[in-house]
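Before any comments, here is the structure.
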């Protein structure tokens with residue numbers, strides 16, 4: 005893939021169930037860098053945390069991305085984490101502030117991802133949808149610990165699906181997930197916060213990503229469906245079509 009041709013669009017929306025929008029997103033086409041962040045509503049100033057994450061991402065990305073070498077997401081995320089941690093200690097010494105962060109960058113014929121929290125990324129390829137990220141939640145930890153047989157009979161409380169095991173800002177250092185994938189013509193990628201997945205299942209999202217040929221149309225339909233289901237949370241998404 006000598007010259008990468010793509011279309012991109014993004015949005016963030018307060019939804020119907022929140023008093024303010026704690027989500028933030030980044031589209032930087034010069035760096036081919038994209039990110040969504042969801043400030044934790046259970047802590048104060050989630051919007052501040054998510055804004056710091058996307059504000060500082062581009063500069064740290066440029067400083068830690070060398071031609072021909074993998075993106076050092078670990079350094080980037082930990083630098084952002086430390087800034088949010090320090091700011092949280094100044095604002096609210098007892099609680100701090102926190103956010104998720106999921107970031108993607110591409111060049112040549114591959115893309116890479118850095119990830120912490122329960123925002124995420126879908127890939128639609130060859131008529132199939134795949135979640136590329138793992139939710140850092142208590143529910144996911146429990147699910148992964150179970151055998152196939154036990155999963156059939158285990159019911160996990162709903163609140164554990166929204167209780168994070170990893171996020172930026174709560175500890176001085178952070179373990180993150182990072183991935184690298186081949187990029188193919190026809191790929192469709194969707195970065196999202198959990199306000200999207202609370203209202204649209206993975207199966208239905210796959211149908212939507214198959215049906216729509218432009219990022220703008222896909223995102224408009226995502227927002228429409230969320231509002232039809234009373235949009236209980238802030239929602240943000242970035243769609244990249246190659």
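Residue numbers (our numbering): 5 to 246. Heads up, the beta-carbon is just placed ideally off N, CA and C, and yes, glycines get one too. Note that this is a predicted model, so its numbers are computed, not measured.
Boundaries of the alpha helix (DSSP H) in which residue 11 is found, first to last residue = Taken as a continuous stretch (DSSP letters only), residue 11 belongs to no alpha helix (DSSP H), being part of the beta strand (DSSP E) at 11 to 17.
Closest by C-alpha distance to residue 193, when choosing among 84, 137, 76 | Ranking the options by Cα distance to residue 193, first place goes to 137.
Can you tell me which of 236, 209, 234 puts its alpha carbon nearest to the alpha carbon of residue 223?
-> Looking at the Cα atoms, 209 is the closest of the given residues.
Minimum length 3: unbroken beta strand (DSSP E) runs contained in the stretch 100 to 137 = As far as the stretch 100 to 137 is concerned, its whole beta strand (DSSP E) runs of at least 3 residues are 105 to 111, 114 to 120, 124 to 129, 132 to 135.
State the Cα-Cα distance for the pair residue 10 and residue 65, rounded to the nearest angstrom.
-> CA-to-CA, the gap between residue 10 and residue 65 works out to about 21 Å.
By a C-beta neighbour count over all protein chains shown, 10 Å radius and 16 as the cutoff for buried, is residue 96 buried or exposed?
-> Classification for residue 96: exposed.
Which residues mark the beginning and the end of the beta strand (DSSP E) in which residue 42 is found?
-> Going by DSSP, residue 42 is part of the beta strand (DSSP E) stretching over 37 to 42.
Are there 16 or more other CB atoms within 10 angstroms of the CB of residue 70, so buried, or fewer, so exposed?
-> Around the C-beta of residue 70, fewer than 16 other C-beta atoms lie within 10 Å, and the residue is accordingly described as exposed.
Just to confirm, are residue 227 and residue 60 a CB contact at a threshold of 8 Å?
-> Contact flag unset, no.
Segment contact, 8 Å Cβ cut-off, at least three pairs: the stretch 171 to 191 with the stretch 210 to 217 | The count of Cβ pairs closer than 8 Å, one atom from the stretch 171 to 191 and one from the stretch 210 to 217, stays below three, leaving the stretches out of contact.
Please list, in chain order, all residues of the same chain as residue 102 whose beta carbon is under 6 Å from its beta carbon, the five residues on each side excluded.
-> Same-chain partners within the cutoff: 44, 47, 53, 171, 173, 174.
Segments assigned beta strand (DSSP E), at least 3 residues, entirely inside the stretch 180 to 213 = Within the stretch 180 to 213, the complete beta strand (DSSP E) runs of at least 3 residues are 181 to 186, 192 to 196.
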